[in-house]
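Asks: Reminder that position 249 of the sequence shown reads as 249 in UniProt numbering, one-by-one numbering, no gaps.
By construction, the Cβ of each residue, glycine as well, lies at the ideal position given by its N, Cα and C atoms.
Just so you know, these numbers come straight off a predicted model, no measurement behind them.
The structure is given below, and queries will be raised subsequently.
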Amino acid sequence: MTEPNDQATTSDSARNSSLTPEQIKRIEENRLKAKAKLLAKSTNAPQSSNNTTTITSSTPASKKDVSSQRPIRPIKAFTNYYDYDLSQMVDSRGGFLVEDNDTSTAAEKRKSEQNRPKPIFDPPLSIDPAENPTCKECGSMEIDYNWKQVFGVCVCQKCKEAMPEKFSLLTKTECKEDYLLTDPELRDTEVLPHLAKPNPHNSTWNDMMLYLREQVEAFAFNKWGGAEGLDKEYERRQHTSKKRKEAKFKAKMADMRKRTRTEVIEKKRNQTHKHSYGTTVTDPKTGTQTQTCTECGLTIEVFEF
């Protein structure tokens, strides 16, 4: 049995025997040229890879190389957006994005921080009891330092709850209605200091201004000449307000009556009137016969044949 190599050699020898010597020579030359090209390509492959590495690591030689190194740009359909750094954003509480270099916002922020009331801490007590502030009513040293700083009054929590007629807080509206004080007087912190608190009805409204009843009463009594003067002024204003309301009501009623009367006259004027005549009356002197309308009093002369 013959081997495969022997069969291939036999087929090659048979094919070579059918070729001419010139053809065999040309085939051998082509085979050697192809072998030389393959050897040259295998030797040039590592050199080209080394050259590529050095070009990538070095500075690009042309604009074409620079553009090839740029990152891939996104599609135009996905470029319609803004990139923000959320860690650098400032909440303006108005639904807008504040720019990083906005100096007005930074100034407002500093101003609000300066105007923000600082927390009040109870100072340490002194060893000497005479140096410690005490409550003006009971003499206790456990006073409310917040009230001491705002109102300048030394009073403890127990006395505030036990004597609301002196230490209760009044709103700005109560001061204006009950003690007849004006806005300029209530805004003067030197005369009437107030405690500002967030409005419980709506957090977006202005802060609620609370006044100490003792200080408000003292200022109002000094202004109106005591409690009796305040009561007289209150009654006078109530009487004036009542007269003003009555005059306004009478004016409205007169206007309403006038409009009602005019409407009745216009209604009667626009309606078509049908006369309703009574019986015929004969004048004995002249002998003329007349009839009178029972509704409007129109008199007509009647001739009978």
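Using three-state DSSP, classify M163 as helix, strand or coil.
Replies: coil
Asks: Please name the residue in Q149, F167, K41, V150 whose C-alpha comes closest to that of Q157.
Replies: F167
Asks: Select from K223, A196, S203 the residue whose C-alpha is nearest the C-alpha of L210.
Replies: A196
Asks: Kindly list the residues whose CB is nearer than 6 Å to the CB of E137, restricted to its own chain and excluding five residues on each side of it in sequence; keep chain order.
Replies: C159
Asks: Rounded to the nearest angstrom, how far is the Cβ of E304 from that of T290, given a contact under 8 Å?
Replies: That belief does not hold up - the Cβ atoms of E304 and T290 are roughly 12 Å apart, past 8 Å.
Asks: Among E295, R259, E190, which one has its Cα closest to the Cα of S273?
Replies: Correcting the residue identity first, residue 273 is His in this sequence and not Ser. That would be E295, whose Cα lies nearest to the Cα of H273.
Asks: Considering just the uninterrupted stretch of the beta strand (DSSP E) at I300, what are its terminal residues?
Replies: 299-302
Asks: Should residue 311 go down as buried or exposed, given a rule of 16 or more other Cβ atoms within 10 Å for buried?
Replies: The structure shown does not extend to residue 311, since the chain spans only 1 to 305, so no value can be given for it.
Asks: What's the gap between the Cα of E235 and the Cα of A227?
Replies: 12 Å
Asks: By the DSSP assignment, the beta strand (DSSP E) with Q289 in it spans what residues?
Replies: 289-292
Asks: In the DSSP assignment, find the unbroken alpha helix (DSSP H) run with M256 in it and report its ends.
Replies: 226-270
Asks: So K197 is in the beta strand (DSSP E); what residue range does that whole segment cover?
Replies: 194-197
Asks: Relative to the C-alpha of G152, which candidate in L192, K268, M208 has its C-alpha closest?
Replies: L192
Asks: Tell me which residues share the same chain as S49 and place their Cβ nearer than 8 Å to its Cβ, disregarding the 5 neighbours each side in the sequence.
Replies: With a pLDDT of only 49 at S49, under the threshold of 50, the placement of this residue in the model should not be trusted, and no figure is reported.
Asks: Using 10 angstroms around the beta-carbon of I143, count the other beta-carbons present and answer buried if the total reaches 16, otherwise exposed.
Replies: With 16 or more other CB atoms across the displayed protein chains lying within 10 angstroms of its CB, I143 is buried.
Asks: Would you decide whether Y145 is buried or exposed? Buried here means 16 or more other CB atoms lie within 10 Å of its CB.
Replies: Residue burial annotation: Y145 is exposed, with fewer than 16 other C-beta atoms found within 10 angstroms of its C-beta.
Asks: By the three-class DSSP mapping on this structure, what secondary structure does S58 have?
Replies: The predicted model places S58 with a pLDDT of 49, which falls under 50 and marks its position as unreliable, so this point remains unresolved.
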